[in-house]
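Peer 1: The numbering of the sequence shown is the working numbering, which starts it at 7 and goes up by one.
Sharing a structure below in structure tokens format, with a few things to ask.
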Amino acid sequence: MYESDDETFRYINYLQSTLVREGSEEFLISYKQWFEKNRESFAQDFIRMTSSNSTNKHSAAVLEYKAQGEYDDFFSRQIFEPLLTKVMAIASQHGLAPKLPVHFSNSPNIEPSPAALPSNSEHILFAGQGTFSFCNYWAKVFSTAIFEVASLSKNKQKNESNVIDQLQNSHVINDAALLASCHAITGSLVGFGKLEQPVNLNKLRVELLTAMEVFIIAHEIAHFIAHEEFPDTGGIRPESNSKEHEIECDEFALNICTAFGVQENNPFSFQLIGPLLFFYALQICENTRVTLTGHKQIPSDSHPTHNDRVQFTFNFLKEVGASSNILDSASYSLRIAKIIETQVQLIMENLKNLDENAEHKTDTTCT
7 MYESDDETFR YINYLQSTLV REGSEEFLIS YKQWFEKNRE SFAQDFIRMT SSNSTNKHSA
67 AVLEYKAQGE YDDFFSRQIF EPLLTKVMAI ASQHGLAPKL PVHFSNSPNI EPSPAALPSN
127 SEHILFAGQG TFSFCNYWAK VFSTAIFEVA SLSKNKQKNE SNVIDQLQNS HVINDAALLA
187 SCHAITGSLV GFGKLEQPVN LNKLRVELLT AMEVFIIAHE IAHFIAHEEF PDTGGIRPES
247 NSKEHEIECD EFALNICTAF GVQENNPFSF QLIGPLLFFY ALQICENTRV TLTGHKQIPS
307 DSHPTHNDRV QFTFNFLKEV GASSNILDSA SYSLRIAKII ETQVQLIMEN LKNLDENAEH
367 KTDTTCT
């Protein structure tokens, strides 16, 4: 963490201000006011949940929190700082950590992507509610889906129509469609609202959510390491290109995710289901945007497609000699994600057709 001097605060505040998306300023101000107004009730909620020492620690943290600059955020720090510490520790154990210090700062950007700012003296990782909201909502959808499909008999699981019925009856497909359409319109899931999930699935959701976030953090750490090695080319090896560089950062993150999962006994992490479903969620959202807006996706010059990264992650499991059980688990999760993607796409196409038919009727009436 930074020393609390005015110059540092001004520097961080300026960097954070560059991440604010145009039009979101009013929301950020109201969000800050909402937190201050409800700070004491948050602390009481932690106490009511359980009487454990860790919960009392969280309660005290809420009450004692002091914003480190205009754009700082309590929840971002509580979520990402501990994960960053664990990721850095794992990287250090394997001799893979950046040589320079890595600091965390909240990102006021409401979009899912974090931001990495490497330098020749220290590195800054920006992540915030844009990232954790996206991951949390989709972790709810996918963890519920996995649980619901697992509740079917083995024979019924083999029949796709049975799986679809189960996912529809448990509102998984409807929830996924709502999330995808919200993201297609706003580019974010911040402020989406309440998405119900049975309490008994909290552990499953948190494990999947954590696996996603660990991968995301580790990917950014890889950018810092690459920058230290090739500062003149932004971390890109001379014989490489930007897309290959992103895959290399993914590969580093997949290794860290595996080690984290083993250390923390998190199967969504060591089976790489977290990163697989994170990319699948991004893909579902992007496909929905294309369908609803009619604007085709422009191929990126710097990043592989979400599908490319899904394929790379699954192939990574094979190449490192993952057991048949792990490969089966990953395939099982991808099958469910694919079904959700297909059903959401059908919903979006039907909505698009209804909209076009309504416009046609209006035009006919006017003439």
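Idealized CB from N, CA, C, for every residue including glycine.
As the structure is a prediction and not an experimental result, all values here were calculated from the model.
(1) In three-state DSSP terms, what is residue 151?
(2) Taking the alpha carbon of residue 22 as the reference point, which residue from 92, 111, 351, 47 has its own alpha carbon closest?
(3) Could you pull out every residue in the same chain whose Cβ sits closer than 7 Å to the Cβ of residue 127, ignoring the five residues on either side in sequence?
(4) Which stretch, first to last residue, makes up the alpha helix (DSSP H) that contains residue 108?
(5) Judging by CA-CA distance, which residue of 335, 76, 246 is the nearest neighbour of residue 20?
(6) To the nearest angstrom, how far is the alpha carbon of residue 212 from that of residue 79?
(7) In chain order, what residues of the same chain lie with their CB nearer than 6 Å to the CB of residue 135, ignoring the 5 residues before and after it?
(8) Which value, in whole angstroms, describes the spacing of the CA atoms of residue 282 and residue 337?
(9) Please state the DSSP three-state secondary structure of residue 7.
(10) Does the Cβ-Cβ distance between residue 183 and residue 296 come in under 9 Å?
(11) How would you write the range of the alpha helix (DSSP H) that residue 73 sits in, first residue to last?
(12) Between which two residues does the alpha helix (DSSP H) carrying residue 201 extend?
(13) What are the complete alpha helix (DSSP H) segments, minimum 4 residues, inside the stretch 253-340?
(14) Take residue 245 and list the residues in its own chain whose beta-carbon comes closer than 7 Å to its own, dropping the five residues that flank it on each side.
(15) Could you tell me the alpha carbon to alpha carbon distance between residue 186 and residue 170, rounded to whole angstroms?
(16) Put residue 173 into one of helix, strand or coil per three-state DSSP.
(17) Does DSSP put residue 100 in a helix, in a strand, or in coil?
(18) So which of 129, 139, 200, 210 has the shortest CA-CA distance to residue 156?
(19) Beta-carbon separation of residue 30 and residue 114 under 9 Å?
(20) Relative to the C-alpha of residue 133, which residue among 109, 201, 149, 153 is closest?
(21) If residue 319 and residue 260 are in contact, beta carbons under 8 Å, what's the gap, nearest whole angstrom?
(22) According to DSSP, simplified to helix, strand and coil, what is residue 130?
(23) Mapping the DSSP letters down to three states, classify residue 158 as helix, strand or coil.
(24) Roughly how many whole angstroms lie between the Cα atoms of residue 18 and residue 352?
(25) Does residue 305 pass the burial test, meaning 16 or more other C-beta atoms within 10 Å, or should it be called exposed?
(26) On the premise that residue 354 lies in contact with residue 294, defined as a C-beta separation below 8 Å, what is that separation, rounded to the nearest angstrom?
(27) For residue 25, report the span of its beta strand (DSSP E) as first-last.
(28) Short of 6 Å in beta carbon distance, which residues of its chain neighbour residue 71, apart from the five on each side in sequence? Order them along the chain.
(29) On the CB-based measure, 16 or more other CB atoms within 10 Å of its CB, does residue 315 come out buried or exposed?
(30) Quick one: residues in its chain with C-beta nearer than 6 Å to the C-beta of residue 90, no 5 flanking neighbours on either side, listed in chain order?
(31) Excluding sequence positions up to five away, which residues of its chain have a Cβ less than 8 Å from the Cβ of residue 174?
Peer 2: A quick look at the data gives this:
(1) helix
(2) 111
(3) 106
(4) Taken as a continuous stretch (DSSP letters only), residue 108 belongs to no alpha helix (DSSP H), being part of the beta strand (DSSP E) at 108-112.
(5) 76
(6) 20 Å
(7) 196
(8) 10 Å
(9) Unreliable positioning characterises residue 7 in this predicted model, as indicated by a pLDDT of 43, which lies under 50. The coordinate reading is nonetheless provided below. Correct three-state label for residue 7: coil.
(10) no
(11) Element bounds for residue 73: n/a, residue is neither H nor E.
(12) From DSSP, residue 201 is part of no alpha helix (DSSP H); its letter is neither H nor E.
(13) 273-276, 279-299, 312-325
(14) none
(15) 18 Å
(16) helix
(17) coil
(18) 210
(19) yes
(20) 109
(21) 6 Å
(22) strand
(23) coil
(24) 44 Å
(25) exposed
(26) 5 Å
(27) Where residue 25 is concerned, there is no enclosing beta strand (DSSP E), given that its DSSP letter is neither H nor E.
(28) 80
(29) buried
(30) 110, 223
(31) 180, 349
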